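Numbering (full-length UniProt numbering), first residue to last: 1 to 534.
Idealized CB from N, CA, C, for every residue including glycine.
Predicted model only: the values in this text are computed from it and were never measured.
Remarks on the structure that follows.
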């Protein structure tokens, strides 16, 4: 079916509002809007709870059922789906005047509609029937009709836009400009698109379809950023509505505006530190950890994390998985950092960090659950990749000892710690760890042996800077995010002084690598789980 080919006049710049239809679930700002419209002589049509709220405020309002001469039926499922409503919204004033007169359809110049709270209903864990009842039908129909006819109709779907409309009505003697009508039409279609995307996604989940034949990504603008990864790139931050604690839900307590790189690095840091049950600190640079540690308290963990690579930590992101205390905040304040993210901070910690006016401090109330399922997206030319969040988690029961010597209890604890960190390091990833702290991190190299060597070099430099007599890697363990394709990477780690190894296994040369470990007296365990990160 094709649309009719109808010639019409150019859209007028100003359209006076004489009649408005208001039907909202979110009553924020409703009374103030109604009062402003009524003061300008605008006739207000409304439905259900919206009409009741307006009437209670003493605002003249006409029920839609009185306007149409047809009652609400089927428990409110049908109330605005009527020609006298949709004709008034869709009619072009330049070519449909005769039809409007013939059928007694008065024009509707302003449509203020926000939708049944479907997304909120789903997020509360409501049952199937309740979710279905919260799928709005009449609302999207009116929004789309008004947006299509934005040459003559103003459509508002968000209380945040009430002020812009009222400002124009005041400036232009009760009229709205074409520019604002077009802007609001775009926002209206974006809203109905995101609404339908949420419904489609929920139904796919109900059907067990992780990857349905068609899917839509939707987000709401949270922040327009100064620039992207580089100053010549434009960027913005959109939020999806997922309530996973992190940068999207955080409150910024202080500091400069967050940048694209700040947001990316802070997300990486907080997801990493959430992996640990004990007090933990992660210091991140360019989305890679330069120091991670667990401790009896945050202060102990912070000092150990910083020791790993204090040079790279300069200008980094610091994440903690416990409310920030004064002692730890005092130490953090000694270092130039871009961002600190924490579930919370006590008053003394806040006061100490406030002395660093440019330091961005984010508070999230909680930490993300590393085992929680979710989806990850990567944009490609002409498409995007969609995959499950890497929530794989290795425990002691998953480990397979493949060498003659089994790891000690302390080695096992450090191996699991190092492997959790390696999951958050860009591949090829090598992590040296000792006593619940990283002592060397090799990231993003094209060969695994280079990552092992670089991590050892960085560790030796950190030990020298700290005035230690031997490399931090001596007596440590090593984790690899994927199998060793050859024994060279393992031998480089052995040369650095490791005593135990954790890796997924699965190489055709596993036996050679195991033999090399036995020859060096190393204990090695296989996880059977790879953690590539690109």
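**Q.** Residue(s) in a DSSP beta bridge with residue 384
**A.** In the chain shown, residue 384 corresponds to position 384, counting from 1. Looking at the DSSP assignment, residue 384 forms a beta bridge with 379.
**Q.** residue 118 (DSSP reduced to helix, strand or coil)
**A.** Locating residue 118 in the chain shown gives position 118, where the first residue counts as 1. Three-state DSSP puts residue 118 in a helix.
Q: Let me know the alpha helix (DSSP H) ranges lying completely inside the region 249 to 336, each 4 residues or longer, listed in chain order.
A: 260 to 273, 298 to 308, 310 to 313, 326 to 332
Q.
On the CB-based measure, 16 or more other CB atoms within 10 Å of its CB, does residue 385 come out buried or exposed?
A. Within the chain shown, residue 385 is the residue found at index 385, counting from 1. Counting Cβ neighbours within 10 Å, residue 385 comes out exposed, since fewer than 16 surround it.
(Q) Only counting the same chain, and skipping five residues up and downstream in sequence, which positions put a Cβ closer than 8 Å to that of residue 299? (A) In the chain shown, the residue the question calls residue 299 occupies position 299. Counting only Cβ-Cβ distances below 8 Å, and skipping sequence neighbours, we find 325, 327, 328, 331.
Q. What's the C-alpha gap between residue 106 and residue 186?
A. Walking along the chain shown from the start, residue 106 turns up at place 106. Walking along the chain shown from the start, residue 186 turns up at place 186. Taking the Cα positions, residue 106 is about 25 Å away from residue 186.
Q | Within 8 Å, strictly: CB atoms of residue 284 and residue 274 | A | Residue numbering aside, residue 284 sits at position 284 when the chain shown is read from its first letter. Residue numbering aside, residue 274 sits at position 274 when the chain shown is read from its first letter. It is not a contact, given that the beta carbons lie outside the stated cut-off.
Q. DSSP on residue 525, reduced to helix/strand/coil?
A. Here residue 525 refers to the residue found at position 525 when the chain shown is read from its first residue. DSSP places residue 525 in strand when its eight states are reduced to three.
(Q) Suppose you measure from the CA of residue 38 to the CA of residue 127; what does that come to, to the nearest Å? (A) As a working note, residue 38 is residue 38 in the chain shown. As a working note, residue 127 is residue 127 in the chain shown. Roughly 40 Å between the two C-alpha positions.
Q. For residue 192, which of 136, 221, 150 has the nearest alpha-carbon?
A. The residue labelled residue 192 in the question sits at position 192 within the chain shown. Ranking 136, 221, 150 by Cα distance to residue 192 puts 136 first.
(Q) Tell me which residue opens and which closes the alpha helix (DSSP H) that residue 190 is part of. (A) Taking the first residue of the chain shown as position 1, residue 190 is located at position 190. From DSSP, the alpha helix (DSSP H) with residue 190 extends over 178 to 206.
Q. Taking the C-alpha atoms as reference points, what is the distance between residue 443 and residue 293?
A. Residue mapping note: residue 443 aligns to position 443 of the chain shown, counting from 1. Residue mapping note: residue 293 aligns to position 293 of the chain shown, counting from 1. Whole-angstrom Cα-Cα distance: 17 Å.
Q: Please report how far the alpha carbon of residue 227 lies from the alpha carbon of residue 262, in whole angstroms.
A: Here residue 227 refers to the residue found at position 227 when the chain shown is read from its first residue. Here residue 262 refers to the residue found at position 262 when the chain shown is read from its first residue. Whole-angstrom Cα-Cα distance: 11 Å.
Q) Given a threshold of 16 other Cβ atoms within 10 Å of its Cβ, counted over all protein chains shown, does residue 211 qualify as buried or as exposed? A) Along the chain shown, read from residue 1 onward, the residue named residue 211 stands at position 211. Its Cβ having fewer than 16 others within 10 Å, residue 211 is exposed.
Q: Under 7 Å Cβ to Cβ from residue 466, same chain only, skipping five residues before and after it: list those, please.
A: Sequence index remark: in the chain shown, residue 466 carries index 466 (1-based). 307.
Q.
Can you list, in chain order, the residues of its chain with a C-beta nearer than 6 Å to that of residue 282? Leave out the 5 residues immediately preceding and following it.
A. For the purposes of this step, residue 282 is identified with residue 282 of the chain shown, where counting begins at 1. Here the set comprises 269, 272, 273, 289, 292, 319.
Q.
Using the three-state DSSP reduction, which class does residue 372 fall into: helix, strand or coil?
A. Numbered from 1 along the chain shown, position 372 holds the residue referred to as residue 372. It is coil, neither helix nor strand.
**Q.** Member of 379, 334, 277 whose CA lies at the smallest distance from the CA of residue 310
**A.** Here residue 310 corresponds to residue number 310 of the chain shown, with the count starting at 1. When the alpha-carbon of residue 310 is set against those of 379, 334, 277, the nearest one is in 334.
Q: Determine the burial state of residue 423: buried for a count of at least 16 other Cβ atoms within 10 Å of its Cβ, exposed for fewer.
A: Reading the chain shown from its first residue, position 423 is the one you call residue 423. Buried, by the Cβ-count rule.
Q.
What residue range does the alpha helix (DSSP H) around residue 35 cover?
A. Taking the first residue of the chain shown as 1, we reach residue 35 at position 35. Counting along the chain, residue 35 sits inside the alpha helix (DSSP H) bounded by residues 30 to 39.
Q: Classify residue 466 as helix, strand or coil using the three-state DSSP reduction.
A: If you number the chain shown from 1, residue 466 lands on position 466. Of the three classes helix, strand and coil, the one that applies to residue 466 here is coil, per DSSP.
Q: Figure out for me which residue from 169, 240, 242, 223 has the closest Cα to the Cα of residue 234.
A: Counting from one through the chain shown, the residue named residue 234 turns up at place 234. Of the candidates 169, 240, 242, 223, the one whose C-alpha sits nearest the C-alpha of residue 234 is 223.
Q) How many Å lie between residue 389 and residue 376 at the Cα? A) Here the question's residue 389 lines up with position 389 in the chain shown. Here the question's residue 376 lines up with position 376 in the chain shown. Taking the straight line joining both Cα atoms gives about 6 Å.
Q: Look up residue 498 in the DSSP assignment and say whether it is helix, strand or coil.
A: Looking up residue 498 in the chain shown gives position 498. DSSP places residue 498 in coil when its eight states are reduced to three.
Q: Go ahead and pull the three-state DSSP assignment for residue 148.
A: In the chain shown, the residue the question calls residue 148 occupies position 148. It is helical.
Q. Which class does residue 22 belong to by DSSP, given the choice of helix, strand or coil?
A. On the chain shown, residue 22 is found 22 positions in, with the first residue counted as 1. Correct three-state label for residue 22: strand.
Q.
Going by the DSSP bridge assignment, what does residue 438 pair with across the sheet?
A. In the chain shown, counting from the first residue as 1, residue 438 sits at position 438. According to DSSP, residue 438 bridges with 433.
(Q) Going by beta-carbon coordinates alone, are residue 94 and residue 15 separated by less than 8 Å? (A) Against the chain shown, residue 94 aligns to sequence position 94. Against the chain shown, residue 15 aligns to sequence position 15. The answer is no: Cβ separation not under 8 Å.
Q) Between which two residues does the alpha helix (DSSP H) harbouring residue 235 extend? A) Numbered from 1 along the chain shown, position 235 holds the residue referred to as residue 235. Not the alpha helix (DSSP H): residue 235 falls in the beta strand (DSSP E), residues 235 to 239.
Q: For residue 341, write down the residues that DSSP places opposite it in a beta bridge.
A: Residue numbering aside, residue 341 sits at position 341 when the chain shown is read from its first letter. In DSSP, residue 341 forms a bridge with 319, 362.
Q) Taking the alpha carbon of residue 113 as the point to measure from, which residue in 450, 498, 29, 488 has its own alpha carbon closest? A) Here residue 113 refers to the residue found at position 113 of the chain shown. Minimum Cα distance to residue 113 is reached at 29.
Q.
I'd like the list of long-range same chain contacts for residue 366, defined as Cβ closer than 8 Å, with 5 residues on each side in sequence excluded.
A. Mapped onto the chain shown, residue 366 falls at position 366. If we look at residue 366 and ignore the five residues flanking it on each side, its Cβ neighbours are 245, 343.
(Q) I'd like the span of the alpha helix (DSSP H) that includes residue 65, first residue to last. (A) Numbered from its first residue, the chain shown carries residue 65 at position 65. It spans 64 to 68 - the alpha helix (DSSP H) in which residue 65 sits, taken as one unbroken run.
Q: Would you decide whether residue 201 is buried or exposed? Buried here means 16 or more other CB atoms lie within 10 Å of its CB.
A: The sequence position of residue 201 within the chain shown is 201, counting from 1. Per the 10 Å Cβ criterion, buried.
Q. What does DSSP give as the partner residues of residue 46 in its beta bridges?
A. For the purposes of this step, residue 46 is identified with residue 46 of the chain shown, where counting begins at 1. Paired residues: 22, 63.
Q. Quick one: Cα of residue 352 to Cα of residue 139, how far?
A. Numbered from its first residue, the chain shown carries residue 352 at position 352. Numbered from its first residue, the chain shown carries residue 139 at position 139. So the two alpha carbons sit approximately 50 Å from each other.
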